[in-house]
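See structure below.
Residue numbers (UniProt numbering): 1 to 194.
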C-alpha cells in the first residue's frame with residue numbers, strides 16, 4: 001500500500017490519500033504462477049488418447065490394464081450427462097516414453113470385438129485441464145454413474161409425485177381438451193374413433 005500526502009494551498013489543510021494495489025494484479029500474478037506449475041507438471045507426464053473403447057473397459061479396468069506398461073498416474077473417461085461413457089479415454093503415465101510405447105502397442109488392438117485406437121499426445125499438445133473432472137470425482141468419492149442414477153431417481157420421483165386437487169383437475173381438463181381436439185381432427189379425416 002502506498003501513502004501520499006496532498007496539500008491544498010487555498011485551505012491550508014492536508015489530506016491523506018491511500019492508494020491500494022488492485023487485487024486483480026495480485027491475483028493475476030498468482031494465476032500465472034499456478035499455470036506455470038500446472039504446465040511444468042503436464043510436461044513431465046505422458047498421455048495416451050484411447051478411442052473405440054468397449055463397454056465395461058472403464059476407469060479401473062483401464063488403469064489395471066495399462067499398469068503393465070508403467071506407472072499410471074491418472075485415467076479420465078469422459079461421460080455423458082446420463083453417466084454412460086462416450087467411447088474414448090485418456091491415460092496419463094508418469095513418463096512420456098512409457099506412454100509412447102503403450103500407444104504404439106495398443107493401437108489397433110482387438111478387445112471385446114472392438115478395434116481400439118491409441119494415440120500418444122506429446123506434452124506440447126496436452127491441455128492443462130485434461131484430468132480435472134477425473135480428479136474432482138476422486139475427491140468427492142462418487143462416481144459419475146452414481147450421480148446419474150441419483151438424478152434419474154429424482155426425476156422419476158418428481159414425475160410420479162402426488163398432485164394437489166386443483167392441479168389434478170387442471171391436468172385432467174387439459175387431457176380431455178386434447179382428446180376432444182384429436183377426435184374432431186379424426187372425424188374431419190373420416191375416421192370413426194370411439
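For each residue, glycine too, the CB sits at the ideal point set by N, CA and C. Fair warning: this is a prediction, and the values are worked out from it, not measured in the lab.
Using the three-state DSSP reduction, which class does residue i fall into: helix, strand or coil?
i	result
residue 115	strand
residue 157	helix
residue 64	helix
residue 169	helix
residue 191	coil
residue 163	coil
residue 186	helix
residue 181	helix
Looking at residue j and residue i, is the spacing between their C-beta atoms short of 9 angstroms?
i	j	result
residue 132	residue 48	no
residue 95	residue 45	yes
residue 70	residue 88	no
residue 79	residue 145	yes
Please check the pair residue i and residue j, which I expect to be a contact at CB under 8 angstroms, by giving their CB distance rounded to whole angstroms.
i	j	result
residue 99	residue 119	That belief does not hold up - the Cβ atoms of residue 99 and residue 119 are roughly 10 angstroms apart, past 8 angstroms.
residue 54	residue 106	The Cβ separation is near 13 angstroms, so there is no contact.
residue 232	residue 77	Outside the displayed span of the chain (1 to 194) sits residue 232, for which this structure offers no information.
Given this structure, state the Cα-to-Cα distance separating residue i from residue j, to the nearest angstrom.
i	j	result
residue 176	residue 155	25 angstroms
residue 108	residue 117	5 angstroms
residue 68	residue 58	16 angstroms
residue 72	residue 115	22 angstroms
residue 91	residue 62	8 angstroms
residue 66	residue 159	43 angstroms
residue 83	residue 188	46 angstroms
residue 183	residue 148	40 angstroms
residue 40	residue 163	In this predicted model, residue 40 has a pLDDT of only 49, less than 50, meaning its place in the structure is not dependable; the value taken from the coordinates is given anyway. So the alpha carbons of these two residues sit roughly 57 angstroms apart.
residue 185	residue 161	33 angstroms
residue 172	residue 64	55 angstroms
residue 81	residue 60	20 angstroms
residue 113	residue 97	29 angstroms
residue 193	residue 170	25 angstroms
residue 167	residue 157	17 angstroms
Which residues share a DSSP beta bridge with residue i?
i	result
residue 51	88, 117
residue 175	Per DSSP, none; premise fails for residue 175.
residue 93	46, 72
residue 110	115
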